[in-house]
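Before any comments, here is the structure.
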Amino acid sequence: MFELRQSHLATDVVEQRKQNYHLEELWDKLNLSQQFSVCSLGQFGYMLNYVRQINDRCLAILTLDDKVATINEEGLINVTPNISLRH
18 MFELRQSHLA
28 TDVVEQRKQN
38 YHLEELWDKL
48 NLSQQFSVCS
58 LGQFGYMLNY
68 VRQINDRCLA
78 ILTLDDKVAT
88 INEEGLINVT
98 PNISLRH
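Each step along the sequence shown adds one to the number in my numbering, with nothing skipped, and position 23 is 40.
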């Protein structure tokens, strides 16, 4: 039983590190205006999920439950974007 708990704990730590690395990778793709806006939305519980290049422009995509928000290169937040996410 103890070994199973240790194994579960080790798996959780590895997954946490992967997730943190993924977030750092996304964060590095954003400019300062976008990073500020991501932090602002983060205070409400939004999480940065994707960074996409669309027409040579960087778009940050965040989610909170079933809600989606985007942040353009100017740092403008859109909480009603016309996009759908794949699950």
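C-beta: ideal position from N, C-alpha, C; glycine also. Treat the numbers as computed from the prediction; the structure is a model and nothing was measured.
Outcome for residue i when other beta-carbon atoms lying within 10 angstroms are tallied against a minimum of 16
i	result
Q60	exposed
V96	exposed
I88	buried
L40	exposed
Y67	exposed
Helix, strand or coil at residue i according to DSSP, with G and I counted as helix
i	result
V68	strand
L93	coil
L47	coil
Those residues which DSSP pairs with residue i across a bridge
i	result
C56	C56 pairs with nothing; no bridge assigned.
N- and C-terminal bounds of the beta strand (DSSP E) containing residue i
i	result
I88	K84 to I88
R74	R74 to L81
C-beta atoms of residue i and residue j nearer than 7 Å
i	j	result
S50	I94	no
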